[in-house]
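What follows is one structure encoded as structure tokens, with my remarks underneath.
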Amino acid sequence: MKMCPPGGSTFTMAWSMSCSMRRKRDVSADDYYGGIAKRALIAPSIRQLQTICCQVGCNVEDLLAYCAPI
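Residue numbers for the sequence shown follow my numbering, so the first one is -11 and each next one is one higher.
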């Protein structure tokens, strides 16, 4: 879903809803080792994510990484 303008009310609402739906889950060995491989990439800052979500679009998984830990 595209959320424009970057950092606008659409992005803020989607981010808030994504974080409120977040559930704590068990971490299996596959998730753990898969996470290590993913860490090789540098995550965009929240400002960069806002621009990416406006230009390309984002889904819930993209926003969950920016929620505060439970």
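A virtual CB, placed ideally from N, CA and C, is assigned to each residue, including glycine.
For M(-11), no alpha helix (DSSP H) run applies, since DSSP gives it neither H nor E. Counting C-beta atoms within 10 angstroms of its own C-beta, L52 has fewer than 16 neighbours from the protein chains shown and is therefore classed as exposed. A Cβ-Cβ distance of about 11 Å is found for the pair Q36 and G(-5), leaving them out of contact under the 8 Å criterion. With a contact defined as Cβ atoms closer than 8 Å, V48 and S6 qualify at about 5 Å. Here M(-11) is near G45, since their CB atoms are less than 8 Å apart. Here M9 is exposed: its Cβ has fewer than 16 other Cβ atoms, across all protein chains shown, within 10 Å.
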